[in-house]
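Residue numbers (our numbering): 5 to 267.
Ideal Cβ positions, reconstructed from N, Cα and C, are used throughout, including at glycine.
If you're wondering where the values come from, they're calculated on a predicted model, not measured in any experiment.
These notes concern the structure reproduced below.
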């Protein structure tokens, strides 16, 4: 049996989707917390495991594996029962199209909305010079520029406006798909669903579920996903109640401004 370690942060959607797969398959693993507020992800020790400075990182028998989509597919290969990939090749292709879209658009959109909600209160405790110096250490130039823009402009930043519109387009497209099927890739719960679930957890944390309140098929999918036993194990119990209350209050305050810029 492989020794599995997960370098993790409870709020990270990418870490959440890996935890969901681990929970669906009842895989035993050790959690290695990474404090993103303290920028532990930018320490030399962590960058040796994950040069991009991102969470999660999965370590299997001492070998680090970055990139959450790759990690989830690896886990499904290593632990094939229950399978989280459809048997039908065309449905497998649909699954990968959804996970590809997560990686290419929704994840950055979520980051542009979630990051200021979580990180601005942390950075507010630093001087402007200290905060700017910390952000300058982010290794990826695109992510660094996005975080700098959000630090300076908050939820009024263009990337936040684009983010909420990307989110809305994504859930509208989900509605069209889910009108004819129970799960995103077809007949069975798959890595497409475990991949998307954390981005709905973000909406739930910040009380932004009005984003899909007019989409009944998405609402049904949401309820089916969050009724699964893996949800409380992997996501639902990850944060203490006071933190969830802070997120809810901050999210409710931010929502009118976000709603106003949805095209």
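Would you give the residue range spanned by the beta strand (DSSP E) that residue 63 belongs to?
It spans 61-64 - the beta strand (DSSP E) in which residue 63 sits, taken as one unbroken run.
Residue 211 versus 238, 245 and 255, residue with shortest Cα-Cα distance
Comparing Cα positions, the closest option is 255.
What does the alpha-carbon distance come out to for the pair residue 203 and residue 106?
Looking at the two C-alpha atoms, the distance is approximately 9 Å.
Is there contact between the stretch 158-172 and the stretch 62-79, where contact requires at least three CB pairs shorter than 8 Å?
Short answer: they don't touch.
Please return the same chain residues whose Cβ sits closer than 6 Å to the Cβ of residue 209, not counting the five positions on each side in sequence.
Excluding residues within five positions, the ones whose Cβ falls inside 6 Å are 251.
Would you list, in sequence order, the uninterrupted alpha helix (DSSP H) runs of no fewer than 4 residues that lie entirely inside the stretch 142-166?
For the stretch 142-166, the continuous alpha helix (DSSP H) assignments of 4+ residues that do not extend past its boundaries occur at 145-157, in sequence order.
Using DSSP bridges, identify the partner residues of residue 10.
Looking at the DSSP assignment, residue 10 forms a beta bridge with 35 and 62.
Starting from the C-beta of residue 24, find all residues in its chain whose C-beta is less than 8 Å away, skip the five residues before and the five after it, and write them out in chain order.
Non-local C-beta neighbours of residue 24 in its own chain, meaning closer than 8 Å and more than five positions away in sequence, comprise 198, 201, 202, 234, 235, 238 and 239, ordered along the chain.
State whether the stretch 172-189 contacts the stretch 133-141, with contact taken as three or more CB pairs (one from each stretch) at a distance under 8 Å.
No: the two stretches stay apart, fewer than three of their Cβ pairs being nearer than 8 Å.
Among 112, 40, 85 and 93, the one whose alpha carbon lies nearest that of residue 127:
Distance check between residue 127 and each of 112, 40, 85 and 93 places 40 closest, using alpha-carbon atoms only.
Using only alpha-carbon positions, find the residue among 265, 249, 182 and 261 that is nearest to residue 229.
Checked all of 265, 249, 182 and 261; the closest Cα to residue 229 is 182.
Going along the chain, which residues of its own chain have a beta-carbon closer than 8 Å to the beta-carbon of residue 205, five neighbours each way excluded?
Non-local C-beta neighbours of residue 205 in its own chain, meaning closer than 8 Å and more than five positions away in sequence, comprise 17, 20 and 239, ordered along the chain.
For residue 119, name the three-state secondary structure that DSSP assigns.
Helix, per DSSP.
Mind checking who residue 84 pairs with in its DSSP beta bridge?
For residue 84, no pairing in a beta bridge is given by DSSP.
Would you call the CB atoms of residue 54 and residue 47 closer than 7 Å?
In terms of Cβ geometry, residue 54 and residue 47 do not form a close pair [threshold 7 Å].
Roughly how many angstroms lie between the CA atoms of residue 52 and residue 108, to the nearest whole one?
Roughly 25 Å separates the two Cα atoms.
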